[in-house]
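K.L.:
Mapping of the sequence shown onto this note's numbering: position 46 corresponds to residue 74, and the numbering continues sequentially without gaps.
Heads up, the beta-carbon is just placed ideally off N, CA and C, and yes, glycines get one too.
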Amino acid sequence: MREAKADMVFQMIIDGVQTFLILLIAAATVYIAFEQRRISMIKINPTIYEKQLSIYREVIRLLSLVVRDGDLNREDLLTFRSRTHEGSFLFDKALADYIEDIYTRSLKLHSSNLVLKGEQLPVGEERDKVTVENSKQLIWLADQVPIARKKFDRYLNVTDLII
Numbered sequence: 029m030r031e032a033k034a035d036m037v038f039q040m041i042i043d044g045v046q047t048f049l050i051l052l053i054a055a056a057t058v059y060i061a062f063e064q065r066r067i068s069m070i071k072i073n074p075t076i077y078e079k080q081l082s083i084y085r086e087v088i089r090l091l092s093l094v095v096r097d098g099d100l101n102r103e104d105l106l107t108f109r110s111r112t113h114e115g116s117f118l119f120d121k122a123l124a125d126y127i128e129d130i131y132t133r134s135l136k137l138h139s140s141n142l143v144l145k146g147e148q149l150p151v152g153e154e155r156d157k158v159t160v161e162n163s164k165q166l167i168w169l170a171d172q173v174p175i176a177r178k179k180f181d182r183y184l185n186v187t188d189l190i191i
């Protein structure tokens, strides 16, 4: 009788272990399937990535010109506009607006520099206002070099995708 009870307890333990292993295998299978799905969803489309990277490089190029020269010429602005106009299709609204803001502020910087270089605006209060506006745009644009990297990081950082 004792032997029968021991066999029964042993069989219950075996059944419990088997049930646990089946559940463990099922959980591992679900986890693997989930990870494969996640990985397949975050694969980078190389064409889109290249376009996004190209726009980022153009943003940094323009900001670097501002930092180096304190001004932009008309050609720089036209080049920036033509090379970044697809940004609204490739990035979320916030980043597309940020790129547009860089263009708008660059245009203001260029315009105020033209006014300050011209001879039509004499020394006085109006010239001081233009100088202040020019300085505000220049400082804001110069400050954007490290900020732009952070803003584009979500789209361009592939280190999280390496397994």
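1. So does the region 162-180 actually touch the region 123-135, counting three or more Cβ pairs closer than 8 Å?
2. What did DSSP end up calling Gln196 once you bin it into helix, strand or coil?
3. Is Ile191 helix, strand or coil when you go by DSSP?
4. Could you tell me which whole alpha helix (DSSP H) segments of length 4 or greater appear in the region 107-145?
5. Going by other Cβ atoms of all chains shown within 10 Å of its Cβ, with 16 needed for buried, is Glu154 buried or exposed?
6. Leaving out five residues on either side along the sequence, give the residues of the same chain with a beta carbon under 6 Å from the beta carbon of Gln46.
7. Using 10 angstroms around the beta-carbon of Val186, count the other beta-carbons present and answer buried if the total reaches 16, otherwise exposed.
8. If you draw a straight line from the C-alpha of Lys157 to the C-alpha of Gln80, how long is it?
P.N.:
Considering the structure as presented:
1. Yes, since at least three Cβ pairs between the region 162-180 and the region 123-135 fall closer than 8 Å, the two stretches touch.
2. It is not possible to answer for residue 196, since the shown part of the chain is limited to 29 through 191.
3. Legend: pLDDT at Ile191 = 46, less than 50; position of this residue unreliable, no value from coordinates given.
4. Correct list: 115-118, 121-145.
5. Of the other Cβ atoms in all chains shown, fewer than 16 fall within 10 Å of the Cβ of Glu154; this residue is therefore exposed.
6. Nothing meets the Cβ criterion.
7. With fewer than 16 other Cβ atoms within 10 Å, it is exposed.
8. Looking at the two C-alpha atoms, the distance is approximately 37 Å.
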